[in-house]
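Trainee:
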Amino acid sequence: RLEALDLRWSQLTPHAKHALLWDSGAVSASEDSYVQVYVSCGMSMSDIAISKDSLGTVLPTTDCLGPHGVTYVRQVGAVASFGALDRLTRCTISDAPLPNSNATTSVVYSQDALLPSDIPSLRVVLHRDETGTARPAIHSFIDAATSTTLSCPLVSQSVGLVILCGSRWKQRQALNGFTSALRPFTRPPPVPAHSISNVQNGAAVQRYEQPPPTPSTVPPSGPYYPQHHDRPSTDHPRPSHLSSLARNPFQSPSNSNLLDQLNPSAALAKLDQVPSHLRLPFDSITTTQLVDTGIRCKVYFGRYNHKLVVAVKTITLDHVHDHEIVDAFAEEIRLMASFHHPNVVALLGFAWDSVSLGSLMAVTEYLSQGNLSRFLTDNPALHWDLKASLALDVARALQYLHGLLQPKVIHRDIKPKNILLDWPSAKLSGFGVSREAMDDETLTAGVGSALYMAPEALRSGYYSVSADMYSFGCVLCELDTQRPLYADIDVPAKRIMHLILEEGLVPAVTPACPPAIRALAHQCFHQDASMRPTAFDVARDLDLFVHGDVGGGLV
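Residue numbers for the sequence shown follow our numbering, so the first one is 2 and each next one is one higher.
#1: Closest to Ile-420 by CA distance: which of Ile-411, Ile-326, Ser-430, Leu-368 is it?
#2: Between which two residues does the alpha helix (DSSP H) holding Tyr-471 run?
#3: Starting from Met-498, follow the alpha helix (DSSP H) in both directions and report where the run begins and ends.
#4: Select from Leu-477, Glu-332, Pro-508, Leu-361 the residue whose C-alpha is nearest the C-alpha of Asp-489.
#5: Buried or exposed for Gln-274, going by 16 or more other Cβ atoms inside 10 Å?
#6: Using the Cα positions of Ser-52 and Tyr-35, report the straight-line distance between them to the nearest angstrom.
#7: Closer than 6 Å by C-beta to Ala-135: which residues in its own chain qualify, once you throw out the five before and the five after it? Chain order, please.
#8: Short of 7 Å in beta carbon distance, which residues of its chain neighbour Phe-537, apart from the five on each side in sequence? Order them along the chain.
#9: Grab me the residues of Val-71's own chain with a C-beta within less than 8 Å of its C-beta, minus the 5 sequence neighbours each way, in chain order.
#10: Kindly give me the distance between the Cβ atoms of Val-108 and Arg-75, rounded to whole angstroms, as I take these residues to be in contact under 8 Å.
#11: I'd like to confirm the pairing. Which residues does DSSP put opposite Gly-167 in its beta bridges?
#12: With respect to the beta strand (DSSP E) encompassing Lys-409, which residues constitute its N-terminal and C-terminal limits?
#13: Among residues of its own chain, excluding the 5 on either side of Ser-472, which ones have a beta-carbon nearer than 6 Å to its beta-carbon?
#14: Just verifying my parser: in three-state terms, what is the DSSP assignment at Lys-53?
#15: Trp-385: buried (16+ other C-beta within 10 angstroms of its C-beta) or exposed?
#16: Just the Cα atoms here: how many angstroms apart are Val-539 and Pro-515?
#17: Would you mind stating whether Val-547 and Leu-393 have Cβ atoms separated by less than 8 Å?
#18: To the nearest angstrom, how far is the alpha carbon of Ser-152 from that of Pro-121?
#19: Compute the beta-carbon to beta-carbon distance between Val-125 and Val-59, rounded to the nearest angstrom, for a pair I have assumed lies under 8 Å.
#20: Going by DSSP, name the residue or residues bridged to Thr-365.
#21: On the three-state DSSP scale, how would you describe Asn-380?
#22: Using only the alpha-carbon positions, how far apart do Gly-505 and Glu-366 sit?
#23: Which two residues bound the contiguous beta strand (DSSP E) that contains Ser-426?
#24: For Lys-418, is the classification buried or exposed, using 16 other Cβ atoms within 10 angstroms of its Cβ as the cut-off for buried?
#25: Given this structure, state the Cα-to-Cα distance separating Ser-31 from Asp-423, to the nearest angstrom.
#26: How close, in whole Å, do the beta carbons of Phe-283 and Asp-379 come, if the pair is a contact with beta carbons under 8 Å?
#27: Between Arg-173 and Thr-93, what straight-line distance do the alpha-carbon atoms span, to the nearest angstrom?
#28: Is Asp-328 helix, strand or coil when you go by DSSP?
#29: Who are the Cβ neighbours of Asn-306 in its own chain at under 8 Å, not counting the five residues just before and after it?
#30: Based on Cα-Cα distance, which residue from Ile-139, Ala-363, Val-300, Lys-308 lies nearest to Gly-371?
#31: Using the DSSP secondary-structure output, state which residues sit across from Thr-511 in a beta bridge.
#32: Go ahead and pull the three-state DSSP assignment for Asp-394.
#33: State the Cα-Cα distance for the pair Val-38 and Ser-95, rounded to the nearest angstrom.
#34: Around the C-beta of Ser-461, are 16 or more other C-beta atoms found within 10 angstroms, so that it is buried, or is it exposed?
#35: Tell me the rounded alpha-carbon separation between Pro-343 and Lys-428.
#36: Nearest to Leu-165 by alpha carbon, out of Trp-23, Val-356, Arg-91, Asp-529?
Here's what the structure looks like:
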């Protein structure tokens, strides 16, 4: 963060050093060592204090009078058990550097009672409850002895925050906005200390983050035509509402509060297979607005070299140290780097900071019209002469993945939210769960979106190119109805899944659906996967339909 600004540690004021360490999650454990604080996804270090309202009766507290004449809340009495408190903590710390022999039974919760002029020290202290269980807590203090007492200190004594943490979480990423606050140190006069840090009134360090830009609202050029993305570089394109670059798998990730130690060898091996010209300088990528967030990834509107508009996909903070997710993300980048087709979203490159693969970013072309699902909702009653060309584009993308690539690629998550618009074309995206397959090989399933998955994939746990074609049939039905699948069936989702698996339920089309489209969807839903059309078959039939050679014209 300092190198990017051509700064050295020695150039910072003591207060700025203090603030930078805190903002990075580094807190002193002794006179000569620091430990790393981890926070939950979407939080910063200024969010980790437990609120009084959430404590309830979990911990005995009392009101104390501080030196500024304001009452603050502080723990009194020992902690019977950390069990209930563990559910309230918003940070964790690797307690390996904290010897259990030094654990104390002192206070683990106190609100702030510092004077505005106080600059406290920060120290991690290991605490022990009455069962012998240990937990770390962060103490901010002027006098260390005052910080740990289990009673109200003297009114004249300044008392800082005490923040209980759990053991190990997910490491937070540095805030680019805070880094920008260091820029004034490159030129005199130095900024006042209060503009860098603020630890009073329960706040930790002030979070410096630029607000997102206001999206453009230029109207489309026609009733069915979304805004084109070719805009002046000074005007941000309108972001999609639900970018399909964000992965949304059927199965939820496993719950774990432990920080998995990332073994980068597997991910690096995948990235080594990506052409070197696609490795972009980490500092050349800037992000300004969150476009979409998924379970494991986020997508931002960004720019490459401050000029080219791009979409930037990153791993969410609570998964940056999950080696399986990082490996899968690296595999997605490797796979996308091999794609070169006008109907597949193009990978422009990838970047990481060469320190942690948790910083890995995939940089793709930015398609401001958003995904097909949103487009169909926003533009009701579209004619099939418009929709058929979009379906043909998707079919051509599948034709490329299934038949022209060696080895073939099974997408495994075909759905309207994974189809982006670059008007008048459509492009397939959402390759986070895609895999290569040799010959007639099938792949482990359980990774796509349930309602779009072929029954055999749901039932047996294996996926093939034929399962992709079933999902394509679902897309045809949604193009026809312009409503979510099974929207007319008012039963719980589990009941729909039962009907799909046990009674052969498939999506329906409207009475006005062109016969050729109806027949094509019906073929895609064949219960015998081997009888479904290939991507070549579908592309051929749709090409005939688009050019008016089937069904006596377009409807």
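All C-beta atoms in this analysis are idealised placements derived from N, C-alpha and C, irrespective of residue type, glycine included.
Mentor: The short version:
#1: For this step, residue 420 is matched to residue 419 along the sequence shown. Looking at the Cα atoms, Ser-430 is the closest of the given residues.
#2: Against the sequence shown, residue 471 aligns to sequence position 470. Counting along the chain, the alpha helix (DSSP H) containing Tyr-471 begins and ends at 466 to 482.
#3: Here residue 498 refers to the residue found at position 497 when the sequence shown is read from its first residue. Met-498 -> alpha helix (DSSP H) spans 494 to 504.
#4: Taking the first residue of the sequence shown as 1, we reach residue 489 at position 488. It is Pro-508.
#5: On the sequence shown, residue 274 is found 273 positions in, with the first residue counted as 1. With fewer than 16 Cβ atoms within 10 Å of its Cβ, Gln-274 is classed as exposed.
#6: The sequence position of residue 52 within the sequence shown is 51, counting from 1. The sequence position of residue 35 within the sequence shown is 34, counting from 1. Ser-52 and Tyr-35: Cα-Cα distance of roughly 26 Å.
#7: Indexing the sequence shown from 1 puts residue 135 at position 134. Answer for Ala-135: Asn-101, Ala-104, Leu-127, Arg-129, listed in chain order.
#8: The residue you call residue 537 lines up with position 536 of the sequence shown. Gln-400, Gly-404.
#9: The residue given as residue 71 occupies position 70 in the sequence shown. Cβ neighbours of Val-71 beyond the five flanking positions: Ala-114.
#10: The count along the sequence shown starts at 1 and reaches residue 108 at position 107. The count along the sequence shown starts at 1 and reaches residue 75 at position 74. That pair is a contact at about 7 Å.
#11: Position 166 of the sequence shown, counting from 1, holds the residue named residue 167. Thr-93.
#12: Along the sequence shown, read from residue 1 onward, the residue named residue 409 stands at position 408. Its beta strand (DSSP E) spans residues 409 to 411.
#13: On the sequence shown, position 471 is the one that residue 472 refers to. Counting only Cβ-Cβ distances below 6 Å, and skipping sequence neighbours, we find Ile-415, Tyr-453.
#14: As a working mapping, residue 53 is identified with position 52 in the sequence shown. Helix.
#15: For the purposes of this step, residue 385 is identified with residue 384 of the sequence shown, where counting begins at 1. That one is buried.
#16: Here residue 539 corresponds to residue number 538 of the sequence shown, with the count starting at 1. Here residue 515 corresponds to residue number 514 of the sequence shown, with the count starting at 1. Rounded to whole angstroms, Val-539 to Pro-515 spans 15 Å at the Cα level.
#17: In the sequence shown, residue 547 corresponds to position 546, counting from 1. In the sequence shown, residue 393 corresponds to position 392, counting from 1. Against a cut-off of 8 Å, the Cβ pair of Leu-393 and Val-547 comes out as a contact.
#18: For the purposes of this step, residue 152 is taken as residue 151 along the sequence shown, with counting starting at 1. For the purposes of this step, residue 121 is taken as residue 120 along the sequence shown, with counting starting at 1. Taking the straight line from one Cα to the other gives about 20 Å.
#19: For the purposes of this step, residue 125 is identified with residue 124 of the sequence shown, where counting begins at 1. For the purposes of this step, residue 59 is identified with residue 58 of the sequence shown, where counting begins at 1. Incorrect: roughly 22 Å between the Cβ atoms, too far for contact.
#20: As a working note, residue 365 is residue 364 in the sequence shown. BP columns for Thr-365 point to Ala-312, Leu-348.
#21: Indexing the sequence shown from 1 puts residue 380 at position 379. Looking at Asn-380 - three-state DSSP - the assignment turns out to be coil, as it is neither helix nor strand.
#22: Looking up residue 505 in the sequence shown gives position 504. Looking up residue 366 in the sequence shown gives position 365. Computed Cα separation, rounded: 39 Å.
#23: For the purposes of this step, residue 426 is identified with residue 425 of the sequence shown, where counting begins at 1. Run containing Ser-426: 426 to 429, per the beta strand (DSSP E) assignment.
#24: Taking the first residue of the sequence shown as 1, we reach residue 418 at position 417. Counting Cβ neighbours within 10 Å, Lys-418 comes out buried, since at least 16 surround it.
#25: Within the sequence shown, the letter at position 30 stands for residue 31. Within the sequence shown, the letter at position 422 stands for residue 423. Each residue's Cα considered, the two are about 56 Å apart.
#26: One-based indexing of the sequence shown puts residue 283 at position 282. One-based indexing of the sequence shown puts residue 379 at position 378. Actually they do not touch by this definition, with Cβ atoms about 36 Å apart.
#27: The residue you call residue 173 lines up with position 172 of the sequence shown. The residue you call residue 93 lines up with position 92 of the sequence shown. The predicted position of Arg-173 is uncertain, since its pLDDT is 41 and thus under 50; a value taken from the coordinates is nonetheless stated next. Roughly 11 Å between the two C-alpha positions.
#28: By one-based count along the sequence shown, residue 328 stands at place 327. Residue state, collapsed to three classes: helix.
#29: Counting from 1 along the sequence shown, the entry for residue 306 is found at position 305. Ser-285.
#30: Here the question's residue 371 lines up with position 370 in the sequence shown. Closest option to Gly-371, Cα to Cα, is Val-300.
#31: The count along the sequence shown starts at 1 and reaches residue 511 at position 510. For Thr-511, which the question treats as bridged, DSSP gives no partner whatsoever.
#32: Here residue 394 is taken as the residue at index 393 of the sequence shown, counted from 1. If DSSP states are grouped into helix, strand and coil, Asp-394 belongs with the helices.
#33: On the sequence shown, position 37 is the one that residue 38 refers to. On the sequence shown, position 94 is the one that residue 95 refers to. Taking the straight line from one Cα to the other gives about 7 Å.
#34: Along the sequence shown, read from residue 1 onward, the residue named residue 461 stands at position 460. The residue in question, Ser-461, is exposed, as its Cβ has fewer than 16 Cβ neighbours within 10 Å.
#35: To locate residue 343, count along the sequence shown from 1; it is residue 342. To locate residue 428, count along the sequence shown from 1; it is residue 427. Looking at the two C-alpha atoms, the distance is approximately 7 Å.
#36: Here residue 165 is taken as the residue at index 164 of the sequence shown, counted from 1. Checked all of Trp-23, Val-356, Arg-91, Asp-529; the closest Cα to Leu-165 is Arg-91.
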